[in-house]
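What follows is a set of notes on a single structure, which appears directly below.
Chains as they are written, first to last, in our numbering: chain A, 301 to 832; chain B, 2 to 254.
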């Protein structure tokens with residue numbers, strides 16, 4: 301892991317240096333670009349720090365299990381709050397520092413500033429972190445006094461998901477690829493004007509940017525001292541405000557956070573959803589499905605990921621709608637169908653990624669309550685097939701969207717539409733079965749956080765096997781599909797001997813899918829039966 | 002009703018349960034005593050089908066658990082020592098879920114049965130609240146509701162009094178006695194001698210994975226050579242000099 305971190309650090313430094321080196325070579329606007337980039341980077345890091353502190357403060361100040369012991373001790377409330385505040389800073393900032401340092405060092409490498417830059421980077425970086433921490437902690441304290449801490453965590457988590465989704469969609473719809481497309485370039489003056497537009501002058505990140513920029517360019521100016529004073533006075537002020545606020549409301553908020561969560565509404569909606577889902581199944585499987593749906597939609601950390609998934613699908617489809625097919629030297633009808641065929645691999649990868657997040661942990665999600673199923677008359681086989689029945693419909697729907705919608709956007713031939721749809725339809729059966737099977741082979745009922753299950757060794761094995769599965773399917777179909785497609789395009793018939801290759805290939809795909817369903821489910825069943 | 006035949010459970014070099022054989026008739030309230038780490042929970046988990054024995058057989062209601070696991074489990078209600086439940090379900094939903102597992106969802110008496118059990122265990126007020134807001138004792142009582150929902154012929158109970166207040170403990174003892182009188186076999190593990198003395202008709206004492214004594218309380222007194230006195234004296238006498246005994250684990254409350 302350390303090696304990976306060092307590698308990543310070196311990579312970030314190399315890329316940043318490269319970009320900055322390139323900017324230096326660009327006349328007139330090179331420095332503007334570098335300055336703008338610095339401002340953007342520091343603004344992003346500042347925002348991330350604030351956000352990170354909000355989440356960490358909630359945990360460290362209100363939800364941590366050792367807080368009961370701390371509050372029952374004779375420690376002064378100020379001391380307790382301050383210690384937790386410092387701990388929150390350390391907890392929240394280390395990742396931003398690790399990501400940010402190579403970029404800052406790249407600036408130093410390219411611009412060769414004096415020692416003043418490093419001193420300023422160190423103390424202003426610290427002050428910026430304190431300001432971000434202060435804002436984050438203050439926001440958390442105020443929010444917890446309005447909502448209970450458990451609810452606050454849900455709200456923050458949902459807001460963050462919405463924010464990420466909005467930013468992701470916004471970034472994609474801005475079409476940044478136009479910046480490297482000469483045809484999309486607007487006038488140079490407009491471009492320079494955009495670069496020169498200042499960022500918000502009232503944010504601490506702006507003051508730090510201006511100070512560091514002056515050191516990088518070796519410029520001496522009156523503004524430097526003012527900016528430094530602004531950053532530090534903000535840091536001190538926010539600390540004082542936090543201490544005052546903590547004295548007034550922290551303990552009341554902590555006490556409130558001990559309250560049990562009240563059951564929320566939406567029960568009728570869940571009842572309707574579960575009735576629909578379990579209709580065709582036996583009582584025992586219906587109960588499993590009912591329980592899964594309720595637990596899923598009552599856990600904000602789970603269902604909110606559907607928002608991210610939705611954004612992913614939207615951007616996936618949007619990418620296909622803006623493909624510059626008309627600029628390609630290859631004939632469009634060939635290109636479209638080629639892309640559609642290869643899209644199966646991409647869609648399959650997306651389905652696997654979704655599956656490793658939602659389906660692979662399905663068995664482990666029983667958690668320590670697994671004893672209920674073990675001691676019940678429900679057999680391991682029916683248990684796993686119940687899970688399978690639950691996850692098949694949404695995965696089929698997702699695959700339909702990814703393949704049929706994209707193929708319609710590409711305007712592929714009916715043959716290609718049929719091949720791609722049928723192939724993915726069959727592949728979903730295997731992908732889901734492998735998810736359930738591997739999840740049963742590598743269960744983790746004692747997880748602290750369900751996300752740990754997806755990122756485990758078993759999850760990795762699952763991804764590898766699904767990649768191999770999809771690669772074999774595409775490999776088996778590539779030849780036959782090409783032959784049939786070319787024959788259709790040329791209006792000629794297919795030689796008899798070629799059918800002796802085509803038919804076995806497709807039969808091979810069907811057999812592979814059957815094996816991909818049967819084998820993992822069987823192995824998973826045996827693993828669960830033997831599990832202790 | 003319950004027969005354990007040379008039941009053994011081995012974990013690599015460690016033998017948790019060592020060739021134990023027991024017979025428990027129908028309608029008996031059977032106590033399974035032993036200090037911590039004696040093998041009580043392991044034995045009960047094997048009987049409930051949660052753990053697979055290394056060797057030996059478990060016959061419940063005339064059926065072999067290894068050959069007919071679903072049929073046997075249909076007759077059993079299991080109450081573990083630690084009530085891990087599905088936190089995102091309400092009490093009511095959890096019992097509906099259990100009813101589904103035992104294929105009772107379409108039984109006409111189900112609704113009434115759930116209401117009745119929740120009332121008995123004083124959980125009616127909390128029936129529609131999520132389990133994550135329940136205290137430990139409430140969770141324990143909900144598990145008992147679930148175990149009794151399908152009217153099992155055998156109740157396997159592991160340390161039922163843990164986390165219960167005196168009122169709840171009294172209620173649970175009365176329920177077990179009532180079940181036994183109505184023909185349900187109750188197989189209960191406890192390290193509380195007082196509870197065993199109060200409710201159990203027959204007792205087996207396990208230590209280091211082996212049964213060291215079994216019988217009625219009078220039988221055990223005779224074996225221990227203790228004419229009078231409570232079960233604590235009997236227990237200490239029977240287990241004295243044996244490895245693994247931990248006198249502090251003998252609870253009189």
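All C-beta atoms in this analysis are idealised placements derived from N, C-alpha and C, irrespective of residue type, glycine included. In this text the structure is predicted, and so the values were computed from the model without any measurement.
With a cutoff of 7 Å on beta-carbon distance, residue 444/A and residue 303/A are scored as not near each other. Taking 8 Å as the cut-off between beta carbons, the residues of the stretch 50 to 62 of chain B near chain A are 50, 51, 52, 53, in sequence order. Residue 333/A and residue 532/A have their alpha carbons spaced roughly 27 Å apart.
For the stretch 583 to 612 of chain A, residues whose beta-carbon sits nearer than 9 Å to a beta-carbon of chain B comprise 583, 584, 585, 586, 587, 588, 590, 591, 594, 595, 596, 597, 598, 599. Residue 774/A holds the alpha-carbon nearest to the alpha-carbon of residue 640/A among 356/A, 320/A, 774/A, 733/A. At a cut-off of 7 Å between beta-carbon atoms, residue 75/B makes contact with chain A. Between residue 110/B and chain A, the shortest Cβ-Cβ separation is not below 7 Å. No residue range can be given for residue 106/B, since it is assigned to no alpha helix (DSSP H) and is classified by DSSP as neither H nor E.
In the DSSP assignment, residue 19/B forms no beta bridge with any residue. In this structure, the alpha-carbon of residue 183/B lies about 19 Å from that of residue 80/B. The continuous beta strand (DSSP E) containing residue 156/B extends over residues 155 to 159. Taken through DSSP and simplified to helix, strand or coil, residue 372/A comes out as helix. Around the beta carbon of residue 751/A, fewer than 16 other beta carbons lie within 10 angstroms, which makes this residue exposed.
DSSP places residue 189/B in no alpha helix (DSSP H) but in the uninterrupted beta strand (DSSP E) bounded by 186 to 191.
Close to chain B, meaning a Cβ-Cβ distance shorter than 7 Å, is no residue of the stretch 682 to 699 of chain A at all. Residue 413/A is outside the set of residues whose beta carbon lies under 7 Å from a beta carbon in chain B. Assigned with DSSP and collapsed to three states, residue 623/A falls in coil, not helix or strand. For the pair residue 67/B and residue 221/B, the Cα-to-Cα distance works out to about 32 Å. Pairing residue 354/A with residue 439/A gives a Cβ-Cβ distance under 7 Å. The alpha helix (DSSP H) runs of length 4 or more contained entirely in the stretch 624 to 710 of chain A are, from start to end of the chain, 632 to 658, 670 to 674, 680 to 700, 706 to 710.
DSSP, read as helix, strand or coil, puts residue 65/B in strand.
Judged by DSSP secondary structure, residue 208/B falls within the beta strand (DSSP E) whose first and last residues are 203 to 208.
Taking a cut-off of 8 Å on C-beta distances, the stretch 582 to 593 of chain A touches the stretch 675 to 685 of chain A, as three or more cross pairs fall below it. Taking 7 Å as the threshold, the shortest C-beta distance from residue 101/B to chain A falls below it. Look at residue 194/B: its C-beta is not under 7 Å from any C-beta on chain A.
Among the CB atoms of chain B, one or more fall inside 7 Å of the CB of residue 832/A. In the structure shown, residue 792/A falls within a coil segment according to DSSP collapsed to helix, strand and coil. Using a Cβ distance threshold of 7 Å, residue 164/B and residue 127/B do not count as a contacting pair.
Within the stretch 394 to 447 of chain A, there are no complete beta strand (DSSP E) runs of at least 3 residues.
Here residue 580/A is exposed, its C-beta having fewer than 16 other C-beta atoms within 10 Å. When the five nearest sequence neighbours on each side are left out, the beta carbons in the same chain lying within less than 8 Å of the beta carbon of residue 239/B are those of 206, 213, 214, 221, 224, 225, in order along the chain. Burial check for residue 203/B: the Cβ neighbour count within 10 Å reaches 16 or more, so the residue is buried.
For a Cβ distance threshold of 7 Å, residue set 85 of chain B lies close to residue 668/A, ordered along the chain. Chain B has no Cβ within less than 7 Å of the Cβ of residue 665/A. Straight across, the Cα-Cα distance linking residue 747/A with residue 753/A is about 7 Å. When CB distances to chain B are screened at a threshold of 9 Å, not a single residue of the stretch 709 to 720 of chain A falls below it.
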